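Count along the sequence shown from 1, add 78, and you get the number used in this note's numbering.
Quick reminder that beta carbons are idealized off the backbone N, C-alpha and C, glycines included.
Here the structure is a predicted model, which is why all the values come from computation and not from measurement.
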Amino acid sequence: MTDIARAAGCSQATVSFVLNDSPGIRLSQQTRERVIDAARALGYAAPAFSALRKPVPAFDGLDGVIGFAVDQLATSPEAVVAIEGARQASWNAGNVLLVAQTMGDSVMEPRAIAALTRRGISALVYMTIFTREITAPDFLYGLDIPVILLNCYTADYAFPAVVPSEIAGGQNSTRHLIGHGHRRIATITGEPWMQAAQDRLKGYRRALATADIPFDPELVVEGDWSASAGYAATVKLLALKERPTAIFCQNDRTAIGCYEALKEAGLHIPQDISVVGYDDEEIARHLFPPLTTSILPHMAMGQWAIEQLEVPPPAGRGRYPITKLECPLVERESVAAVAG
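Structure below.
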């Protein structure tokens, strides 16, 4: 089958699926026709393969079952929210969503996705928990079904991809504080190797520059997304000769620790110091005072991934743009005008 695969521009496995009319394998009409045409051109007789004895079946690539592969699920609320968004959009279109957790394992991930394809998926959503550029596994390029990337993207723009607009989110959070008269604004970052932390910091700096507020590295403290790091960073900021009037915590768990440190220092939120979080986790609305924060749009990203299946692909071997969805700011009670 090597010669047919080479002529048809696909894998030998795809050739086998098509010519043996393997049940439960969903391939596009174009791929089936390409394989059968190549086989006939190379002189293969119809009796040799079941698919050559009958017309190519019509297939709507949007019908049926959609696969959803994610590297981490059990410990990630973001994945659960994205899956729910994808499920809602799938059900609205009459499709079923099948989910597999891969743990990013180089051996088990392709096996997990192969298990999904054997169950007849007509498309695949591939999600990573951390927003990042990925080197897509070779098997993703070999699939003969649409592939959508969620919370990740490739350098070659080979697949439609959707990520949060983190730079704009960091900028809007900081701009919100500036709008309340704050100029000495600190930020507690996440782990610096993560793209989300890098982009939120870029947004913070962009908002300061736009407002002609000088960037002060003393007001940037590295955290690790945890409440304990938020507590330690806030203690450090309060020890400055001139403490900040507002703190942008780059996630809500960091803000929990920030709240505790401010309380221990006898400071009141927002009367003495304003605080903004990020992610809009459930705890944010139950803090006292309720935390102003930004929504990570994973629900909308999951819905977008399914809706994108209805968008025609670019002509030829076109590149897909990366879609960035807004992280809306939710105003609660943790921000006020500068005291005094």
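{"query": "8 Å contact criterion, which R165 and L175 should meet: CB distance rounded", "result": "5 Å"}
{"query": "Ordered list of alpha helix (DSSP H) runs contained in the region 215-248, each at least 4 residues", "result": "216-220"}
{"query": "Cα-Cα separation between G257 and F237, rounded to whole angstroms", "result": "39 Å"}
{"query": "CB of Q249 within 7 Å of CB of A285, strictly", "result": "yes"}
{"query": "Three-way DSSP call (helix, strand, coil) for L420 in this model", "result": "The structure shown does not extend to residue 420, since the chain is modelled only from 79 to 418, so the question has no answer here."}
{"query": "Beta-carbon proximity list for I226, same chain, < 6 Å, skipping 5 on both sides", "result": "V203, P238, A383 and Q386"}
{"query": "Segment limits, beta strand (DSSP E) that includes C327", "result": "A324 to C327"}
{"query": "Closest Cα partner of N98 within the set G268, L345 and V113", "result": "V113"}
{"query": "Buried or exposed by the 16-neighbour rule on C-beta atoms within 10 Å, applied to G102", "result": "Note that G102 scores 48 on pLDDT, short of 50, meaning its location in the model is unreliable; the coordinates nonetheless yield the value given after this. It counts as exposed."}
{"query": "Nearest to G121 (by Cα), restricted to the options A157, V143 and D81", "result": "D81"}
{"query": "Cβ-Cβ distance between A305 and R331 below 7 Å", "result": "yes"}
{"query": "A160 versus A119, R197, F366 and I207, residue with shortest Cα-Cα distance", "result": "I207"}
{"query": "The beta strand (DSSP E) enclosing K402, as first and last residue numbers", "result": "I400 to L403"}
{"query": "Close beta carbons around A86, own chain, < 6 Å, minus the five adjacent residues each side", "result": "R112, V113 and A116"}
{"query": "C-alpha distance - T323 paired with Y356, whole-angstrom precision", "result": "18 Å"}
{"query": "Status (buried if at least 16 other CB within 10 Å, exposed otherwise) for R363", "result": "exposed"}
{"query": "Cα-Cα separation between G182 and L151, rounded to whole angstroms", "result": "11 Å"}
{"query": "With 16 other Cβ atoms within 10 Å as the buried cut-off, status of W303", "result": "buried"}
{"query": "T252 burial status per 10 Å Cβ neighbour count (16 or more: buried)", "result": "buried"}
{"query": "Outcome for N173 when other beta-carbon atoms lying within 10 angstroms are tallied against a minimum of 16", "result": "buried"}
{"query": "Under the three-state DSSP convention, the category L202 falls into", "result": "strand"}
{"query": "Residues of its chain near L316, where Cβ-Cβ distance is below 6 Å and the 5 sequence neighbours each way are ignored", "result": "A343"}
{"query": "Where the beta strand (DSSP E) through T312 begins and ends", "result": "Counting along the chain, T312 falls outside any beta strand (DSSP E), though it belongs to the alpha helix (DSSP H) covering A305 to L316."}
{"query": "Buried/exposed call for Q381, threshold 16 Cβ in 10 Å", "result": "buried"}
{"query": "Where R278 falls, given that 16 or more other Cβ within 10 Å makes a residue buried", "result": "buried"}
{"query": "Cβ-based neighbour list, V58, same chain, cut-off 6 Å, excluding 5 preceding and 5 following", "result": "Nothing in the structure corresponds to residue 58, since the chain is present only between 79 and 418."}
{"query": "Beta-carbon separation (whole angstroms), V298 vs I325, contact threshold 8 Å", "result": "Going by Cβ atoms, the distance from V298 to I325 rounds to 11 Å, so no, they are not a contact pair."}
{"query": "Three-way DSSP call (helix, strand, coil) for E360 in this model", "result": "helix"}
{"query": "Beta-carbon proximity list for P233, same chain, < 7 Å, skipping 5 on both sides", "result": "In the sequence as displayed, the identity of residue 233 is Ala instead of Pro. E211, listed in sequence order."}
{"query": "Neighbour-count burial assignment, R84, 16 or more Cβ in a 10 Å radius", "result": "exposed"}
{"query": "DSSP beta-bridge partners of E342", "result": "DSSP lists no partner for E342."}
{"query": "Separation of S184 from D149, as counted between CA atoms", "result": "11 Å"}
{"query": "Cα-Cα separation between E300 and E411, rounded to whole angstroms", "result": "25 Å"}
{"query": "Whole-angstrom distance between E388 and L140, CA atom to CA atom", "result": "With a pLDDT of 44 at L140, under the threshold of 50, the predicted position of this residue should be treated as unreliable, and no value is reported."}
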